[in-house]
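Below is one structure, written out as structure tokens; the observations come after it.
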Amino acid sequence: MIRVNVFRQILFASIFSLFAWGQCAHAVVIDINQHEGYVEYLGVTGLAKGRNAPFRMLVPDDWNRQLIVYARGTGSATKLMVIFENGEPVIVPELDPSSGLPILGLTPLINVPGKPPGDNSDNDQLEADWLARGFALVASDYKPDPRFIVEGKLGWVVEDGIQDTLEVTRQARRILLFWSNHHRLPRRTMLIGRSQGSAIALKINETKPWLYDGVITGCTVGAGTPRVWDIGLGFALAFDAAFGWENTNESSESTPWGSPEGGDIPVTLDFEADVAPTVVRYLSDPENYGLFEFIRLVSGLPFEGFYPPGNPNNPTPGKSEFNWLFCVFRCIVTTHSATN
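In terms of this note's numbering, the sequence shown has 175 at position 120, counting the first letter as 1, and numbering is strictly consecutive.
Here is the structure:
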């Protein structure tokens, strides 16, 4: 029985690879870089279909025959770096010097408060750990949105993400079988999706479960869209009842977050510039603690992790960098901007 199962796996993998080679040979490898202990492949997906999402793949010399495919969240998977122009720091994408393609993070890029802009150290360490354990890694930056770097806008690109994640998986199999020194298909392929990427991973698993041996999602958008945004609506209504939703910006040209007549959130609203300073001001007043607890309880959010690090109301200061308060606010504002 074991031999039959192994034969079936080999037969299926061979048929899949040949099919992918003939039907989906649209991803293009543009540059190959040899590093100590691994080989880096850079290219774009779906070129013949008018798609140009960059992808990056790492194959360790001591490959364990397992492949990890990463589906990124909103924004971009591009690693960032800081350069100085006229003495001022400017955040720019990290590019491959020979091909000019962006260098993508193959593990979740998480912006940790307090770290310098463009600090990819956490991501780099996780990437190095996975490589040291023998995993091949691949990811694409589907439909890159330049607004993410320039304006901090987030793009909701689930449909593009599904297409490019499938394409980069096929390309990774072709690289391992035909391009790499291993000349073998992976024995196990895992799909990891974070945030928006979780929706991509779950959809792929529902429609094409045979392509992956397992799916892991983090910061998962898995409750269904209506339920997810009902949470945001309840949060917004609770904040409106506690503090008022209109004209809470302190700038000279105040931008209302809404209006008593039921106006929508302005498309030009910026979370960092317009929302965060006001919320921080409210949080700094101890008399507002009861109002924030009202918002938390109405929204059904946990006490631990609700308040930002360093806030007196945070029961575990320094333990967690994540906080629900700013997370929900950011989702409300940035998702509205992304859809307009």
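Just so you know, even glycine gets a beta-carbon here, dropped at the ideal spot from N, CA and C.
Asked, Found
"Would you report the Cα separation of E342 and G289, rounded to the nearest angstrom?", "23 Å"
"Please name the residue in D215, R127, E143 whose C-alpha comes closest to that of G101.", "D215"
"Assign S398 to buried or exposed, taking buried as 16 or more other Cβ atoms, counted over all protein chains shown, within 10 Å of its Cβ.", "This structure cannot speak to residue 398, because the chain is shown only from 56 to 395."
"Across the segment 110-127 and the segment 229-242, are there enough close Cβ pairs to call them in contact, namely three or more that are closer than 8 Å?", "yes"
"Ends of the alpha helix (DSSP H) at G216?", "213-229"
"DSSP has T100 in a bridge; who is on the other side?", "A108"
"Rounded to the nearest angstrom, what separates P144 and F381 at their Cα positions?", "26 Å"
"Less than 8 Å between the C-beta atoms of L113 and L186, yes or no?", "yes"
"What's the call for R336, buried or exposed, on a 16-neighbour Cβ count within 10 Å?", "exposed"
"From Y344 to F190, what distance separates their C-alpha atoms?", "47 Å"
"Please state the DSSP three-state secondary structure of I350.", "helix"
"Enumerate in chain order the residues of its own chain whose CB-to-CB distance from I286 is below 6 Å, with the five nearest sequence positions on each side excluded.", "none"
"What is the residue span of the alpha helix (DSSP H) that I259 lies within?", "251-262"
"Tell me, please, which residues DSSP counts as bridged to H90.", "Y93"
"Round the Cβ separation of A297 and I350 to the nearest angstrom and send it over; I've been treating them as touching at under 8 Å.", "6 Å"
"Taking the Cβ atom as the reference point for each residue, do R225 and L161 lie within a distance shorter than 8 Å?", "no"
"Pick out whichever of I255, R282, E149 has its Cα sitting closest to the Cα of A126.", "I255"
"Is the Cβ-Cβ distance between L97 and S154 less than 8 Å?", "yes"
"Candidates V330, A278, P148, D329: which alpha carbon is nearest G130's?", "P148"
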